[in-house]
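Let me begin by presenting the structure, written as structure tokens, before commenting on it.
Protein chains: 2
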Amino acid sequence: MAIKTIGLMSPGDMGNEIGKVLLKNKYRVITSLNGRSDRTRDLCFKAGIEDLRDLHMVVNESDLILSIMPPSEAEVFANEVMKIIQDLKVEPLYAECNAIAPSTSERIRLLISSAGALYVDAGIIGPPPGRGEATRLYVSGKYAEQILPLGGENLKIISLGKDWARSSALKMCYAALTKGTMTLDTAVLLAGKQLGVYEELKTEFSESQPEAFNRMNNRIPWLSTDARRWIGEMNEIRNTLEVSQLPGGFHRGAAEIFSLLSESPLAIETVENADRSRTLDEAINIFAEMIRINPEESNQS
Amino acid sequence: MAIKTIGLMSPGDMGNEIGKVLLKNKYRVITSLNGRSDRTRDLCFKAGIEDLRDLHMVVNESDLILSIMPPSEAEVFANEVMKIIQDLKVEPLYAECNAIAPSTSERIRLLISSAGALYVDAGIIGPPPGRGEATRLYVSGKYAEQILPLGGENLKIISLGKDWARSSALKMCYAALTKGTMTLDTAVLLAGKQLGVYEELKTEFSESQPEAFNRMNNRIPWLSTDARRWIGEMNEIRNTLEVSQLPGGFHRGAAEIFSLLSESPLAIETVENADRSRTLDEAINIFAEMIRINPEESNQS
């Protein structure tokens with residue numbers, strides 16, 4: 001069956017940009033904006049994504065449902081869709097694109113398949129389409145090939161074959177590195193701040209670890225924006241590493257840093273309105289203020 | 302009091318190279334090789350470091366004692382020296398150069414000061430002298446200035462002022478980043494291996510994270526060599542972050558990775574005899590073999 005109509009849930013930052021690519025490729029893109037923010041409504045309206053309001057309507061008209069949302073919501077959403085599929089007796093493709101552990105993807109596959117729909121495990125790597133390098137949408141599982149025609153400019157679709165959950169595994173490992181490194185960078189600078197050696201630490205990094213120092217300057221000032229969404233992703237990565245007999249500690253720490261940052265005053269910013277003039281020092285000062293200082297362990301004299 | 306004779310304990314890989322710089326700067330460098338390996342004896346003989354055999358003799362003749370050893374041994378050694386200082390009624394400078402938490406350094410300061418010796422908190426950053434960039438020896442505390450004349454080619458001595466434990470704090474934060482990153486890199490590649498997406502992960506890293514991919518290729522094949530020594534250092538870093546109200550998880554994970562690597566067949570190599578032709582893939586294969594695979598979580602099909 002050729003895909004004509006795509007149900008995009010939900011059209012947030014990443015979803016919206018992927019929606020634009022699909023619209024450009026002449027697919028009809030529909031969604032339900034029930035309970036969504038004005039910002040999301042505005043983004044969808046500008047992109048040309050149709051709001052059918054009710055999720056039943058979306059499932060009923062979709063040849064393919066793309067689940068793109070914070071990982072902590074993926075399973076609840078799949079459960080909701082599963083019930084609608086059973087009600088409507090439809091058989092859409094369901095592509096689970098979220099940053100979830102292979103074991104979570106496998107649970108969702110069983111749920112979706114039990115209702116009669118066709119499951120595709122997928123993983124998104126890279127920024128949203130149109131913000132630099134092309135976004136990679138990895139797909140795997142028995143029905144993965146059916147997704148391949150969706151690709152286009154700024155959106156590369158890559159099949160990892162018929163085995164289930166390989167795309168989720170790849171996404172987990174990739175984000176384990178990138179987000180693990182960002183949060184480690186943040187933790188280390190905050191430790192320097194807490195211990196009163198921040199300036200000396202920055203001097204050392206700028207001279208002997210220039211790549212790390214660049215990474216810190218380029219990313220930490222705006223890391224709060226995504227922090228809340230990424231807490232759940234860190235928990236999925238921890239789970240993935242632990243079932244692979246590898247340490248869960250790195251991403252337990254990463255989740256704690258994102259949790260701290262998600263409570264910062266900077267967390268209300270969005271990608272559109274973030275203050276691009278903010279410096280690393282300003283961000284670290286704001287985050288450090290949120291940590292209660294334990295005076296016993298600072299530099300005694 | 303001018304420093305003429307320096308007791309270097311113990312003259313392993315880092316200690317030996319620092320000893321060579323001190324000898325070149327016309328200091329007398331003495332040690333005790335009791336219970337040390339043939340490799341260390343050989344290194345000392347070649348460098349011109351005198352073996353006085355007995356630690357009492359070393360303490361008795363030293364104007365300055367440099368403690369350079371695995372962090373897990375630092376406190377035991379300080380305790381031993383403290384007793385000898387009390388016996389001999391001498392008042393040497395004692396520079397604690399190990400990778401230890403500020404709180405550990407503070408405990409050792411109290412111990413050493415109680416015996417009447419003069420404590421310097423120090424931290425070594427960079428490779429041993431003569432292997433690339435100049436080694437930085439940071440010093441802090443009331444007597445730090447007395448160490449400054451020791452520096453020279455390949456060994457930069459930098460005072461962080463009179464506050465205690467700032468050098469230890471700086472070393473902890475610096476190594477938290479460098480060794481935290483190396484072990485995270487290793488954990489992520491091993492996860493890719495365990496989950497059957499190693500090749501795809503390497504392709505992604507080489508294309509979209511070239512700095513990380515270079516780092517992996519340049520460091521992981523020989524990471525086992527130092528792994529055992531660094532387990533204790535990771536525990537000191539975890540302690541440092543936790544008392545600063547920051548996550549301990551990153552370096553709990555790092556300690557677990559070093560622990561795994563320290564049990565690998567590659568851990569018997571030394572810096573002199575390591576196989577420099579080993580590739581990243583070969584090392585990852587060897588480490589992965591050491592992890593028992595949990596087949597439930599690999600790619601189901």
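Chain order of the listed sequences is D and Y.
Okay, so the first sequence: first residue is 1 according to my numbering, each after it adds one.
Okay, so the second sequence: first residue is 302 according to my numbering, each after it adds one.
In this text, a Cβ means the ideal position worked out from N, Cα and C, and glycines have one as well.
For this session: For the region 332 to 366 of chain Y, list the alpha helix (DSSP H) runs that are entirely contained and at least 4 residues long, ordered along the chain.
Result: If we require 4 residues or more, the alpha helix (DSSP H) runs fully inside the region 332 to 366 of chain Y come out as 339 to 348, 356 to 362.
Problem set entry | Y/L449 (DSSP reduced to helix, strand or coil) | It is helical.
Exercise. Run through DSSP, which three-state label would D/Q300 get?
Worked result: Only weak support is given to the placement of D/Q300: the predicted model assigns it a pLDDT of 35, under 50, and the value that follows is read from those uncertain coordinates. Residue state for D/Q300 is assigned as coil, using DSSP reduced to three classes.
Exercise. Given a threshold of 16 other Cβ atoms within 10 Å of its Cβ, counted over all protein chains shown, does D/R238 qualify as buried or as exposed?
Worked result: Counting Cβ neighbours within 10 Å, D/R238 comes out buried, since at least 16 surround it.
Exercise. Hey, D/S168 and D/P102: beta-carbon distance below 9 Å or not?
Worked result: Yes, Cβ-Cβ distance for D/S168 and D/P102 is below 9 Å.
Problem set entry | At least three beta-carbon pairs within less than 8 Å, the region 491 to 509 of chain Y to the region 209 to 223 of chain D | Between the region 491 to 509 of chain Y and the region 209 to 223 of chain D, the count of Cβ pairs shorter than 8 Å is below three; the stretches do not touch.
Problem set entry | CA-to-CA distance, D/E91 to D/S114, given in whole angstroms | Rounded to the nearest angstrom, the two C-alpha atoms are 11 Å apart.
Exercise. Straight-line CA distance for D/T104 to D/E75?
Worked result: Straight-line Cα distance between these residues: approximately 8 Å.
Problem set entry | chain D residues whose Cβ lies nearer than 7 Å to that of Y/Y475 | Result: L201, E204.
Exercise. So, Y/I366 versus Y/Y395, is the Cβ gap smaller than 9 Å?
Worked result: Yes; because the gap between Cβ atoms is below 9 Å, this pair is in contact.
Exercise. Would you call D/P149 buried or exposed, if buried means 16 or more other Cβ atoms sit within 10 Å of its Cβ?
Worked result: D/P149 should be labelled exposed.
Exercise. By a C-beta neighbour count over all protein chains shown, 10 Å radius and 16 as the cutoff for buried, is Y/P596 buried or exposed?
Worked result: Summary for Y/P596: the model assigns pLDDT 41, below 50, so the residue's position carries little reliability, and this model does not support an answer.
Exercise. If you draw a straight line from the C-alpha of D/E145 to the C-alpha of D/G152, how long is it?
Worked result: Rounded to whole angstroms, the gap between the alpha carbons of D/E145 and D/G152 is 15 Å.
Exercise. Would you say Y/I350 and Y/I369 are within 9 Å of each other, going by their C-beta atoms?
Worked result: Annotated as distal: Y/I350 and Y/I369, with beta-carbon spacing of 9 Å or more.
For this session: Please state whether DSSP places Y/A379 in a helix, a strand or coil.
Result: Under the three-state reduction of DSSP, Y/A379 is assigned to helix.
Exercise. Going along the chain, which unbroken runs of the beta strand (DSSP E) with 3 or more residues stay wholly within the region 127 to 194 of chain D?
Worked result: Listed in chain order, the beta strand (DSSP E) elements of length 3 or more contained wholly in the region 127 to 194 of chain D are 135 to 140, 155 to 159.
Exercise. Sorted by chain position, which residues of the same chain lie with C-beta nearer than 7 Å to D/L22's C-beta, five sequence neighbours on each side aside?
Worked result: If we look at D/L22 and ignore the five residues flanking it on each side, its Cβ neighbours are I6, V29, L150.
Exercise. By DSSP, does Y/T306 sit in helix, in strand, or in coil?
Worked result: Correct three-state label for Y/T306: strand.
Problem set entry | Under 8 Å from the C-beta of Y/G452: neighbouring residues of chain D | Within chain D, no residue comes near Y/G452; the closest Cβ sits about 17 Å away, beyond 8 Å.
Problem set entry | Option nearest Y/T484 by Cα separation, candidates Y/G497, Y/A555, Y/R437, Y/G336 | In this structure, Y/A555 is the residue among Y/G497, Y/A555, Y/R437, Y/G336 with its C-alpha nearest to the C-alpha of Y/T484.
For this session: Ignore the nearest five residues each way along the sequence and tell me which others in Y/P312's own chain have a CB closer than 7 Å to its CB.
Result: For Y/P312, where only same-chain residues beyond five positions count, the Cβ hits under 7 Å are G320, T332, T341, L344, C345, I350.
For this session: Could you tell me whether any Cβ in chain D is nearer than 9 Å to the Cβ of Y/A492?
Result: Residue-level contact by beta carbon holds for Y/A492 and chain D, with a gap shorter than 9 Å.
For this session: Could you check if D/L110 is buried or exposed, using at least 16 other CB atoms within 10 Å of its CB as the buried criterion?
Result: In the assembly as shown, D/L110 is an exposed residue. Its beta-carbon has fewer than 16 other beta-carbons within 10 Å.
Exercise. Excluding five sequence neighbours on each side, which residues of the same chain lie with their C-beta closer than 6 Å to the C-beta of Y/A477?
Worked result: In the same chain as Y/A477, and ignoring 5 residues on each side of it, the C-beta atoms closer than 6 Å to its own belong to I538, in chain order.
Problem set entry | Own chain partners of D/G126 with C-beta closer than 6 Å, once the 5 adjacent residues on each side are dropped | These residues qualify, in order along the chain: E133, T135, R136.
Exercise. Quick one: what does DSSP say Y/D388 is sitting in, helix, strand or coil?
Worked result: In the three-state DSSP reduction, Y/D388 falls in the helix class (H, G or I).
For this session: Return helix, strand or coil for Y/A513, following the three-state DSSP convention.
Result: Collapsing the DSSP output to three states places Y/A513 in a helix.
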